[in-house]
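Enquirer: Questions regarding the structure given below will be posed in turn.
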Amino acid sequence: MLEWMQKHKKYLVVTVWVSALALIFAGLVEWGGGGFSVGSKDIVAKVGNLEVSRSEYQRAYDFYGITDDEEAKMLGVDNEAFRETVRAKLLELISKEIGITTTKEEMLDFLLHIPAFQVNNRFDKSQYSTFLAKTGQKAESFEKLVAKEILNAKIQNFPLFSPATLEFNTFLTANNIADDISVAVLHKKELLKNEHFDISDSRIQEFWNTNKDNYYKPAVYNIAYIAIDSNLIPLHTESLEQFFNDNKTKYSADALETQDKNLLHDYRLEQARLYAQLALSFIETHLKDSYKPQNVMKLTKNADFKMLSLESLKKVQDSILDGEAMPKDMIPIEYAAISEKNTEIYPQLLINLNSMSSHIPTDGKVSDIAQQRLDLIENDNIIIAPYFIAKSQRVPLEFSEVKEKVTHDLLTHDEQTRFKEIAQHKLKYIMQHGNDDKMMQHIGFVTLADSTLRNSNAIVPARNDIHIHSLQDSEIKYFISQIFQENSKYGLVFLDNNRILLYIINQQRLLNLNELLNASNNALDEIAQSKTRDMRNALFEYATAKYRVIDYRRKD
11 MLEWMQKHKK YLVVTVWVSA LALIFAGLVE WGGGGFSVGS KDIVAKVGNL
61 EVSRSEYQRA YDFYGITDDE EAKMLGVDNE AFRETVRAKL LELISKEIGI
111 TTTKEEMLDF LLHIPAFQVN NRFDKSQYST FLAKTGQKAE SFEKLVAKEI
161 LNAKIQNFPL FSPATLEFNT FLTANNIADD ISVAVLHKKE LLKNEHFDIS
211 DSRIQEFWNT NKDNYYKPAV YNIAYIAIDS NLIPLHTESL EQFFNDNKTK
261 YSADALETQD KNLLHDYRLE QARLYAQLAL SFIETHLKDS YKPQNVMKLT
311 KNADFKMLSL ESLKKVQDSI LDGEAMPKDM IPIEYAAISE KNTEIYPQLL
361 INLNSMSSHI PTDGKVSDIA QQRLDLIEND NIIIAPYFIA KSQRVPLEFS
411 EVKEKVTHDL LTHDEQTRFK EIAQHKLKYI MQHGNDDKMM QHIGFVTLAD
461 STLRNSNAIV PARNDIHIHS LQDSEIKYFI SQIFQENSKY GLVFLDNNRI
511 LLYIINQQRL LNLNELLNAS NNALDEIAQS KTRDMRNALF EYATAKYRVI
561 DYRRKD
């Protein structure tokens, strides 16, 4: 362990130093936020025989950087901070079980290398004493704090159970198996050209009775929103300079002077995110006074979102610079109706709408709105700040309204069922009688590197000469990825409703000894990281089951 600590000393010194300072100053501020009290003045929880202190919880809570208690409550910051501190205690208990400790020598070694206590790159006792005096700390208590943070750093970063040679070889072999395959593309139109389907009125009615819940007028979400095109954000010299100074490592030294396009793009995007957050607060403040149902416009595609004008963006910028609240009507609030079945609108927006649907009013009354903010939607240079208003319910449709669609759906259902049956018959024939050279196309050996599940550290390189009839490259990669997720020598891969791929694995080839010996360091590191991750997860599950967690929090 000492050898590993020396290897990672530079990183750990910074980590421990920052953590120690955070603990000190967390104890110097009044504990607010979180929205709850605790059963004990200084204890939030007990994990096994370890206590989670109020300052430990507060440090985890403050890490999220959210100062608004209502917003933090809505986002569940208190619970996330609680889980993080409990997890840290569980890992500490595990460390004791497997013998991870911090020695006095380790603590002193780290103390000597903390930059704030050095003069001319050497530890200076007066600097250390001055720091202790300013923070009201005794040397003994501070050094215990440093020792604890060293232990935490060890727990979070210690290497667990390095993979044995057999494990390396097993993982490398599994990830680099080559399958020699033959494939046939089955087309629905060709296979069903002589098929007849009975679509009688009785079957249509029966199909309707079974599937009537699928026929309805979709629900519609009404939202208020403000949309921002970051390309329109006006430049402000001082804030741009501040942004550059905060992110110097990302750009060239003269990026500010030359108005580097990447710098300006990133600056505008950050400003747009800030404006969008303010826009949500603006909507929340003024929605009840400005909402009129007749102003709701139907949105069918992303291009329908109306962007804030340059004039409005300048008003927002001036408001930020002056530190003043945005008055009513300073910028326009847009209103939109979006169908739950709309596939042309930002997918994440629809996902968020759907996940919040149980909390959305169904009668359209703005007076019922309560904390219906949504996460910002960001796509390229566009940022949408959406706010829920209401949701109309689905309306069931009568049979007479949808008979034509039901008839079409029944025919499609019958065709798909028969298509799959014929494909299964062909697969069964191949399994019983062997490869049909007239029907099958021989592809040769393929590996995981040829799939959409590409192994970046593959020993066997990907091929660039795989062609399967009329399939696109992305479809070929998908097909190969499906083969490597199955355990069968024969199988079917459903590309879409009109095409099925039938495949045979003729033979397999494993890595030889020379290939294993030539594995890259990246490949070996990837396996080691995978095992370490899995072992840590297993240890955490073990600790969760073994040690009792008592939550002393009391909701207000």
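Numbering of the sequence shown is given in our numbering, commencing with residue 11 and proceeding in unit increments.
For glycine and all other residues, C-beta sits at the position ideal for the given N, C-alpha and C.
Under a Cβ-count criterion, where at least 16 other Cβ atoms within 10 Å of its own Cβ denotes burial, should N185 be classed as buried or exposed?
Expert: Locating residue 185 in the sequence shown gives position 175, counting from the first residue. Buried.
Enquirer: Measure the Cβ-Cβ separation of L279 and S240 and say whether it is below 9 Å.
Expert: Within the sequence shown, numbered from 1, the residue matching residue 279 stands at position 269. Within the sequence shown, numbered from 1, the residue matching residue 240 stands at position 230. Closer than 9 Å, so yes.
Enquirer: What number of angstroms, rounded off, separates the C-alpha of Y439 from the C-alpha of N445?
Expert: For the purposes of this step, residue 439 is taken as residue 429 along the sequence shown, with counting starting at 1. For the purposes of this step, residue 445 is taken as residue 435 along the sequence shown, with counting starting at 1. Roughly 9 Å separates the two Cα atoms.
Enquirer: For a minimum of 3 consecutive residues, which ranges assigned as the beta strand (DSSP E) are wholly contained in the segment 460–508?
Expert: List check, beta strand (DSSP E) in window: 500–506.
Enquirer: Excluding the 5 residues flanking I514 on each side, which residues of the same chain have their C-beta closer than 8 Å to its C-beta?
Expert: Here residue 514 refers to the residue found at position 504 of the sequence shown. If we look at I514 and ignore the five residues flanking it on each side, its Cβ neighbours are I191, S192, V193, I440, N445, M450, K499 and Y500.
Enquirer: Leaving out five residues on either side along the sequence, give the residues of the same chain with a beta carbon under 6 Å from the beta carbon of E350.
Expert: Locating residue 350 in the sequence shown gives position 340, counting from the first residue. Only P228 and A229 meet the Cβ criterion.
Enquirer: DSSP three-state label for P406, please.
Expert: Position 396 of the sequence shown holds residue 406. Strand.
Enquirer: Label D189 either buried or exposed according to how many other C-beta atoms from any shown protein chain fall within 10 Å of its C-beta, with 16 as the threshold for buried.
Expert: Sequence index remark: in the sequence shown, residue 189 carries index 179 (1-based). Buried, because 16 or more other Cβ atoms sit within 10 Å of the Cβ of D189.
Enquirer: So does the segment 331–339 actually touch the segment 312–321, counting three or more Cβ pairs closer than 8 Å?
Expert: Because the criterion of three Cβ pairs below 8 Å is not met, the segment 331–339 and the segment 312–321 do not touch.
Enquirer: Using a Cβ distance threshold of 8 Å, determine whether the segment 214–234 contacts the segment 247–258, with at least three qualifying pairs required.
Expert: Result no; under three Cβ-Cβ pairs closer than 8 Å.
Enquirer: According to DSSP, F133 sits in a beta bridge with which residue or residues?
Expert: Taking the first residue of the sequence shown as 1, we reach residue 133 at position 123. Q128, per the DSSP bridge assignment.
Enquirer: Hey, is the segment 352–369 in contact with the segment 201–209, meaning 3+ C-beta pairs nearer than 8 Å?
Expert: Touching, no, given that fewer than three Cβ pairs across the two stretches are closer than 8 Å.
Enquirer: Mind checking whether F489 and L523 have CB atoms under 9 Å apart?
Expert: Here residue 489 refers to the residue found at position 479 of the sequence shown. Here residue 523 refers to the residue found at position 513 of the sequence shown. Not closer than 9 Å, so no.
Enquirer: By the three-class DSSP mapping on this structure, what secondary structure does I514 have?
Expert: As a working mapping, residue 514 is identified with position 504 in the sequence shown. Looking at I514 - three-state DSSP - the assignment turns out to be strand.
Enquirer: Compare the Cα-Cα distances from S540 to each of S484, H452, H479 and S172 and report the closest residue.
Expert: The residue you call residue 540 lines up with position 530 of the sequence shown. Among S484, H452, H479 and S172, the Cα nearest to that of S540 is on S172.
Enquirer: Rounded to a whole number of angstroms, what is the C-alpha to C-alpha distance between R563 and N391?
Expert: Position 553 of the sequence shown, counting from 1, holds the residue named residue 563. Position 381 of the sequence shown, counting from 1, holds the residue named residue 391. Approximately 42 Å, taken between the alpha carbons.
Enquirer: Assign Q252 to one of three DSSP states: helix, strand, or coil.
Expert: By one-based count along the sequence shown, residue 252 stands at place 242. In the structure shown, Q252 sits in a helix (DSSP, three-state: H, G or I).
Enquirer: Kindly indicate the opening and closing residues of the beta strand (DSSP E) around A346.
Expert: Reading the sequence shown from its first residue, position 336 is the one you call residue 346. Here the beta strand (DSSP E) through A346 covers E344 to S349.
Enquirer: Can you give me the Cβ contacts of R97 inside the same chain, cut-off strictly under 8 Å, excluding the 5 residues immediately before and after it?
Expert: Looking up residue 97 in the sequence shown gives position 87. If we look at R97 and ignore the five residues flanking it on each side, its Cβ neighbours are F550.
Enquirer: Pick helix, strand or coil for H197, following the three-state DSSP scheme.
Expert: By one-based count along the sequence shown, residue 197 stands at place 187. Correct three-state label for H197: strand.
Enquirer: If you count every other CB in all the chains shown that lies within 10 Å of the CB of N130, and 16 or more means buried, which is it?
Expert: One-based indexing of the sequence shown puts residue 130 at position 120. By the neighbour-count rule (16 or more Cβ atoms within 10 Å), N130 is not buried but exposed.
Enquirer: Assuming I293 contacts Y397 (C-beta within less than 8 Å), just tell me the rounded distance between them.
Expert: Your numbering for residue 293 matches position 283 in the sequence shown. Your numbering for residue 397 matches position 387 in the sequence shown. Yes, I293 and Y397 are in contact; Cβ-Cβ is about 5 Å, under 8 Å.
Enquirer: Helix, strand or coil for M317? Go by DSSP, reduced to three states.
Expert: The residue labelled residue 317 in the question sits at position 307 within the sequence shown. Residue state, collapsed to three classes: strand.
Enquirer: Sort out for me which residues DSSP pairs H452 with in a bridge.
Expert: As a first step, residue 452 is located in the sequence shown; it is residue number 442 there, counting from the start. In DSSP, H452 forms a bridge with S192.
Enquirer: From the DSSP output, in three-state form, read off D390 for me.
Expert: Mapped onto the sequence shown, residue 390 falls at position 380. If DSSP states are grouped into helix, strand and coil, D390 belongs with coil.
Enquirer: Any chance you could list the beta strand (DSSP E) runs of at least 3 consecutive residues sitting entirely within the segment 396–445, in chain order?
Expert: As far as the segment 396–445 is concerned, it has no whole beta strand (DSSP E) run of at least 3 residues.
Enquirer: Using the beta-carbon count (16 or more within 10 Å), is D299 buried or exposed?
Expert: Numbered from its first residue, the sequence shown carries residue 299 at position 289. Exposed, since its Cβ has fewer than 16 Cβ neighbours within 10 Å.
Enquirer: Using the DSSP secondary-structure output, state which residues sit across from S63 in a beta bridge.
Expert: Walking along the sequence shown from the start, residue 63 turns up at place 53. Paired residues: I53.
Enquirer: Quick one: Cα of H452 to Cα of L201, how far?
Expert: In the sequence shown, residue 452 corresponds to position 442, counting from 1. In the sequence shown, residue 201 corresponds to position 191, counting from 1. Their Cα atoms are separated by approximately 21 Å.
Enquirer: Below 8 Å on the Cβ atoms is my contact criterion, and I expect I399 with N232 to pass it. Report the Cβ-Cβ distance as a whole number of Å.
Expert: Looking up residue 399 in the sequence shown gives position 389. Looking up residue 232 in the sequence shown gives position 222. Confirmed, about 4 Å.
Enquirer: Helix, strand or coil, according to DSSP, for I214 in the structure here?
Expert: For this step, residue 214 is matched to residue 204 along the sequence shown. Helix, per DSSP.
Enquirer: Mapping the DSSP letters down to three states, classify M545 as helix, strand or coil.
Expert: Locating residue 545 in the sequence shown gives position 535, counting from the first residue. Reduced to three states, the DSSP call for M545 is helix.
Enquirer: Flag this pair as yes or no: are the beta carbons of T95 and E66 separated by less than 9 Å?
Expert: Residue mapping note: residue 95 aligns to position 85 of the sequence shown, counting from 1. Residue mapping note: residue 66 aligns to position 56 of the sequence shown, counting from 1. Against a cut-off of 9 Å, the Cβ pair of E66 and T95 comes out as a contact.
Enquirer: Going by the beta-carbon positions, is the gap between A265 and V306 smaller than 9 Å?
Expert: Indexing the sequence shown from 1 puts residue 265 at position 255. Indexing the sequence shown from 1 puts residue 306 at position 296. Not a contact, by the Cβ cut-off of 9 Å.
Enquirer: I'd like the span of the beta strand (DSSP E) that includes A237, first residue to last.
Expert: To locate residue 237, count along the sequence shown from 1; it is residue 227. V230 to D239 is the extent of the beta strand (DSSP E) around A237.
Enquirer: Work out the CA separation of R546 and V559 for me, nearest whole Å.
Expert: The sequence position of residue 559 within the sequence shown is 549, counting from 1. The sequence position of residue 546 within the sequence shown is 536, counting from 1. Approximately 19 Å, taken between the alpha carbons.
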